[in-house]
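Participant: First the structure, then my questions, so here it is.
Protein chains: 2
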Amino acid sequence: MSTRAGGPAGGPAVGVDVGGTRVKAGLVDDRGRVLKATARPTPERTAAAATVESLVVEVVHELLGQVPVTRRPAVPVGVGAAGFVDAARGRVVFAPHLSWRDEPLRDRLTARLGRAVLVDNDAHAVAWAEHRFGAGQGESHLVVLTLGTGIGGAILTDGRLQRGRHGLAGEFGHQQLVPGGLPCECGNRGCWEQYASGRALARLAREAALAGGGRAAGLLEAAPDGDAPELTGEHVSRTARQGDPASREILAEVGRWLGVGLAGVVASLDPGTVVVGGGASLAGDLLLDPARETLARTLVGRGHRPVPPVRAARLGGRAGVVGAADLARGAAAGGPSG
Amino acid sequence: MSTRAGGPAGGPAVGVDVGGTRVKAGLVDDRGRVLKATARPTPERTAAAATVESLVVEVVHELLGQVPVTRRPAVPVGVGAAGFVDAARGRVVFAPHLSWRDEPLRDRLTARLGRAVLVDNDAHAVAWAEHRFGAGQGESHLVVLTLGTGIGGAILTDGRLQRGRHGLAGEFGHQQLVPGGLPCECGNRGCWEQYASGRALARLAREAALAGGGRAAGLLEAAPDGDAPELTGEHVSRTARQGDPASREILAEVGRWLGVGLAGVVASLDPGTVVVGGGASLAGDLLLDPARETLARTLVGRGHRPVPPVRAARLGGRAGVVGAADLARGAAAGGPSG
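This is how it looks when you write it as structure tokens:
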């Protein structure tokens, strides 16, 4: 990462990633490199819509301050937001972690920033970044899953983002996998994301700790103050990489559930490649190998068709920022808009 | 239906629908009307690949015989086949009900018929027909489900068929809905099509009959010789329309499962409209109303987003023939190829 503003042909763009816990932003060049980054904690869910909006304006101004004043007006700005986004109209229809409800975010930011602003779903921004600069480069038919607290997703066909009729496509996480299964925030039971996400890792870690018998000793050592309720997916991934057997079992179980859902997604969409990213995928192959094995074992027509590779995302936590910036640059140029 | 060959601008095309039980074919005009139809029983699964191929050649010649001899060479021919079809290469990768395994059907038929032949998946042909002439007209983002013995499907985005990376997209029926559930021909358990298809209707009808207590009396009256093992989905649909309560309960149960799976499909793809056709959907709203109700009740983000209408297909059993013909006409004209 460099702090040099400006950059090669096309100039930099600002990308903002509005997540449930952090608002991240970066000045990104046209090769997907972050030239300057900044971040703020996301305001509480109860905060007014305008509070989050003002925070976005603030980080954008901070980054624009890195660009020579004469070039500032030409810098495109893109925002990826966690929630249902109608990208065509630039509205956040519904954001579970924010107070936005049918919020005309694009028009408000355009007015406050004095330039066209692109607004899209955060998972779409992540997928676009992986397609342009990461693990999905060169793949015309791509499915990208972002494993965080839940499962975000995006579909690219012929190199273009498929947003669906109302801009809401890619919500893979709420397919029912278990009738009457674990309750989900969406109000249903047995949704895929209850079994294959950061939330699933944390739940299984806490269950292992509560079961006692010393199996979760390694996990509990990693938890703050050794408290089981504090265990997160990140603890599981970290201790698994250090060799902890219980953590590896948990990742394998979650990976198998990941593969079960993926078999349905692949059968439906026939992608050439699947890319899996997000904070809950930090353990890499410890999670992805069981998913690959389950996909290969259960995909309909197996033996008569190619099974797509499942690749780890390459851009990490900056993918949302990079993708939002690149989508904005493409829209400003009237070029590949995703 | 008219038997007049020829027709308005564009002239007729031949469509062939190779299903598990029947090979149907028709001469179709450019408004989707079948001018002349014919059919044969599908050869046994054990028959040589060339036997089915010869049958296709036979029905095509029969229909071409209806066209003035000077115009015959210009008549496009399209084939929709039940199975995994790589449409770009015109190969049948795998057909569960036929002996085709990576069969270069397009090239063989092109050689034998002396003209370019289009080969596609039968569900894609059905969806294209409904999009062009049926319940999906005017909808840019369409999902079409064909409920037969199993579940066939197709996706249209921006008015184009989405075939996926290898031409295999739209296989919705093998999403796992019930872990360890009913065994499926694909080798897995708990696939959606075991719960929401003609096979599901027949299974529930037989179970009702075996349970005794007179609940299935109406169904058994409809069965050949009153034999429970002979009950099919068609019997259920027919007796339900006549008011039989047990049959209506069966349709409602299958409809609810249809809705459960649809909620996952709609969340993933965000279509503007869903069209449901196929022989197992003959009962219309008796099946579709419970599906609509379940979809509206379980779709993620409900209350903050539109729930797409679920419409009954309009072209009935001729959709595959009409769609294959129209896809062939489009390909021959270099026009909308689906």
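Heads up: the sequence lines are chains L and G, in that order. For the first sequence, position 221 matches number 240 in the working numbering, and the numbering has no gaps at all. For the second sequence, position 15 matches number 34 in the working numbering, and the numbering has no gaps at all. All C-beta atoms in this analysis are idealised placements derived from N, C-alpha and C, irrespective of residue type, glycine included. The structure presented is a predicted model; accordingly, all values stated were derived computationally and were not measured.
1. In three-state DSSP terms, what is Gly296 (chain L)?
2. With Gly283 (chain L) and Gln195 (chain G) assumed to form a contact (beta carbons below 8 angstroms), what rounded beta-carbon distance in angstroms separates them?
3. Please classify Arg337 (chain G) as buried or exposed, where buried requires at least 16 neighbouring CB atoms within 10 angstroms.
4. Hey, would you say Leu334 (chain L) sits closer than 8 angstroms to Phe191 (chain L), going by beta carbons?
5. Which of the residues in the region 204-226 of chain L, read from start to end, lie with their CB under 7 angstroms from any CB of chain G?
6. Taking all protein chains shown into account, do 16 or more other C-beta atoms lie within 10 angstroms of the C-beta of Val88 (chain L), making it buried, or fewer, making it exposed?
7. Out of G:Val112, G:Leu132, G:Ala148, which one is the CA nearest neighbour of Asp36 (chain G)?
8. Would a C-beta distance cut-off of 8 angstroms place Thr317 (chain L) and Asn207 (chain G) closer than the cut-off?
9. Chain G partners of His323 (chain L), CB-CB under 8 angstroms?
10. Straight-line CA distance for Ala228 (chain G) to Ile269 (chain G)?
11. Out of G:His80, G:Ile174, G:Val33, which has the shortest C-alpha to C-alpha gap to Ser287 (chain G)?
12. In angstroms, rounded to a whole number, what distance separates the CA positions of His160 (chain G) and Ala310 (chain L)?
13. Taking Cβ-Cβ distances shorter than 9 angstroms, what residues in chain L pair up with Ala154 (chain G)?
14. Any C-beta of chain L within less than 7 angstroms: which residues of the region 306-318 of chain G qualify?
15. Write down the C-beta distance between Gly237 (chain G) and Thr258 (chain G) rounded to the nearest angstrom, noting that I regard them as a contact closer than 8 angstroms.
16. Closer than 7 angstroms by C-beta to Arg23 (chain G): which residues in its own chain qualify, once you throw out the five before and the five after it? Chain order, please.
17. Please report whether the beta-carbon of Leu196 (chain G) lies at a distance below 8 angstroms from any beta-carbon of chain L.
18. Please confirm if the region 72-90 of chain G is in contact with the region 41-57 of chain G, defined as three or more CB-CB distances below 8 angstroms between the two stretches.
19. Applying a beta-carbon distance threshold of less than 7 angstroms, which residues of chain G neighbour Gln181 (chain L)?
20. Can a CB atom of chain G be found closer than 8 angstroms to the CB of His160 (chain L)?
21. Going by beta carbon distance, what residues of the same chain come within less than 6 angstroms of Met20 (chain G), once the five residues before and after it are set aside?
22. DSSP state of Glu253 (chain G), grouped into three classes?
23. What are the residues that DSSP puts in a beta bridge with Ala331 (chain G)?
24. For the region 286-301 of chain L, which residues have a beta carbon sitting closer than 9 angstroms to at least one beta carbon of chain G?
25. Where DSSP assigns a beta bridge to Leu220 (chain G), which residues make up the other side?
26. Are the C-beta of Glu190 (chain G) and some C-beta of chain L separated by less than 8 angstroms?
27. How about Val279 (chain G): is its C-beta nearer than 8 angstroms to some C-beta of chain L?
28. For Thr40 (chain G), count neighbouring C-beta atoms within 10 Å of its own C-beta (all shown protein chains included) and say buried if the count is 16 or more, exposed if not.
29. Within a Cβ cutoff of 7 angstroms, which residues of the same chain sit near Arg290 (chain L), ignoring the five residues on either side of it in sequence?
30. Compare the C-beta of Leu187 (chain L) with all C-beta atoms of chain G and state if any pair is closer than 8 angstroms.
31. Spell out the partners DSSP gives Cys210 (chain L) in its beta bridges.
32. Ordered along the chain, which non-local residues of its own chain (more than five positions away) have a Cβ less than 6 angstroms from that of Leu187 (chain L)?
33. Using a 10 Å radius around the Cβ and a threshold of 16 neighbouring Cβ atoms, would you call Gly157 (chain G) buried or exposed?
34. If we call anything under 8 angstroms between Cβ atoms a contact, is Val112 (chain G) one with Asp126 (chain G)?
35. Inspect the beta-carbon positions of Asp141 (chain G) and Ala100 (chain G) and report whether they are closer than 8 angstroms.
36. Can you pull the chain G residues whose beta carbon is under 9 angstroms from the beta carbon of His150 (chain L), in chain order?
Facilitator: Quick answer:
1. Here residue 296 (chain L) refers to the residue found at position 277 of the first sequence. The answer is strand: DSSP assigns Gly296 (chain L) an E or B state.
2. Taking the first sequence and counting its residues from 1, one reaches residue 283 (chain L) at position 264. Taking the second sequence and counting its residues from 1, one reaches residue 195 (chain G) at position 176. Taking the Cβ atoms as the reference, Gly283 (chain L) lies roughly 6 angstroms from Gln195 (chain G), within the contact range of under 8 angstroms.
3. As a first step, residue 337 (chain G) must be located in the second sequence, where it is residue number 318. Buried: at least 16 other Cβ atoms inside 10 Å.
4. Against the first sequence, residue 334 (chain L) aligns to sequence position 315. Against the first sequence, residue 191 (chain L) aligns to sequence position 172. For the pair Leu334 (chain L) and Phe191 (chain L), the CB atoms are not nearer than the 8 angstroms cut-off.
5. Cys205, Asn207
6. Here residue 88 (chain L) refers to the residue found at position 69 of the first sequence. Exposed, since its Cβ has fewer than 16 Cβ neighbours within 10 Å.
7. One-based indexing of the second sequence puts residue 36 (chain G) at position 17. It is G:Ala148 whose Cα lies nearest to the Cα of Asp36 (chain G).
8. Residue numbering aside, residue 317 (chain L) sits at position 298 when the first sequence is read from its first letter. Residue numbering aside, residue 207 (chain G) sits at position 188 when the second sequence is read from its first letter. Their beta carbons are under 8 angstroms apart, which means Thr317 (chain L) touches Asn207 (chain G) by this criterion.
9. As a first step, residue 323 (chain L) must be located in the first sequence, where it is residue number 304. Near His323 (chain L) (Cβ distances below 8 angstroms), the residues of chain G are Phe103, Val112, Phe113, Arg120, Asp121.
10. Taking the first residue of the second sequence as position 1, residue 228 (chain G) is located at position 209. Taking the first residue of the second sequence as position 1, residue 269 (chain G) is located at position 250. Taking the straight line joining both Cα atoms gives about 12 angstroms.
11. On the second sequence, residue 287 (chain G) is found 268 positions in, with the first residue counted as 1. Nearest of G:His80, G:Ile174, G:Val33 to Ser287 (chain G), Cα basis: G:Ile174.
12. The residue given as residue 160 (chain G) occupies position 141 in the second sequence. The residue given as residue 310 (chain L) occupies position 291 in the first sequence. Spanning the two alpha carbons is a distance of roughly 30 angstroms.
13. Translated into positions along the second sequence, residue 154 (chain G) becomes position 135. Simply none; closest approach about 16 angstroms.
14. Thr317
15. For the purposes of this step, residue 237 (chain G) is identified with residue 218 of the second sequence, where counting begins at 1. For the purposes of this step, residue 258 (chain G) is identified with residue 239 of the second sequence, where counting begins at 1. Yes, they are in contact, since the Cβ atoms of Gly237 (chain G) and Thr258 (chain G) sit about 5 angstroms apart, within 8 angstroms.
16. Stepping through the second sequence from its first residue, residue 23 (chain G) is reached at position 4. Because the pLDDT at Arg23 (chain G) is just 37, under 50, the model does not fix this residue reliably, and the point stays unresolved.
17. Position 177 of the second sequence, counting from 1, holds the residue named residue 196 (chain G). At a cut-off of 8 angstroms between beta carbons, Leu196 (chain G) contacts chain L.
18. yes
19. In the first sequence, residue 181 (chain L) corresponds to position 162, counting from 1. Residues of chain G passing the Cβ test: Thr176.
20. In the first sequence, the residue the question calls residue 160 (chain L) occupies position 141. With 8 angstroms as the cut-off, His160 (chain L) counts as an interface residue toward chain G.
21. Residue mapping note: residue 20 (chain G) aligns to position 1 of the second sequence, counting from 1. Because Met20 (chain G) sits at a pLDDT of 36, beneath the cut-off of 50, its placement in the model cannot be relied upon, and the following sentence gives the value as read from the coordinates. Cβ within range, chain order: Val53.
22. Here residue 253 (chain G) refers to the residue found at position 234 of the second sequence. Correct three-state label for Glu253 (chain G): helix.
23. For this step, residue 331 (chain G) is matched to residue 312 along the second sequence. In the DSSP assignment, the residues bridged to Ala331 (chain G) are G:Val295.
24. Ala286, Ser287, Leu288, Asp289, Pro290, Gly291, Thr292
25. Taking the first residue of the second sequence as position 1, residue 220 (chain G) is located at position 201. None, per the DSSP bridge assignment.
26. The residue you call residue 190 (chain G) lines up with position 171 of the second sequence. Yes, its Cβ sits closer than 8 angstroms to a Cβ of chain L.
27. By 1-based counting over the second sequence, the position of residue 279 (chain G) is 260. So yes, Val279 (chain G) belongs to the interface.
28. As a position in the second sequence, residue 40 (chain G) is number 21, starting the count at 1. That one is exposed.
29. What you label residue 290 (chain L) is simply residue 271 of the first sequence in a count that begins at 1. Rather than Arg, the amino acid found at residue 290 (chain L) in this sequence is Pro. If we look at Pro290 (chain L) and ignore the five residues flanking it on each side, its Cβ neighbours are His160, Leu161, Val162, Pro327.
30. Here residue 187 (chain L) is taken as the residue at index 168 of the first sequence, counted from 1. So, interface residue.
31. Position 191 of the first sequence, counting from 1, holds the residue named residue 210 (chain L). Cys210 (chain L) pairs with L:Gln195.
32. In the first sequence, residue 187 (chain L) corresponds to position 168, counting from 1. These residues qualify, in order along the chain: Phe103.
33. Within the second sequence, numbered from 1, the residue matching residue 157 (chain G) stands at position 138. With fewer than 16 other beta carbons inside 10 angstroms of its own, Gly157 (chain G) counts as exposed.
34. Working through the second sequence from its first residue, we reach residue 112 (chain G) at position 93. Working through the second sequence from its first residue, we reach residue 126 (chain G) at position 107. Not a contact, by the Cβ cut-off of 8 angstroms.
35. Locating residue 141 (chain G) in the second sequence gives position 122, where the first residue counts as 1. Locating residue 100 (chain G) in the second sequence gives position 81, where the first residue counts as 1. Yes.
36. Taking the first sequence and counting its residues from 1, the one referred to as residue 150 (chain L) is at position 131. By Cβ distance, chain G contributes nothing, its closest Cβ being about 14 angstroms from His150 (chain L), past 9 angstroms.
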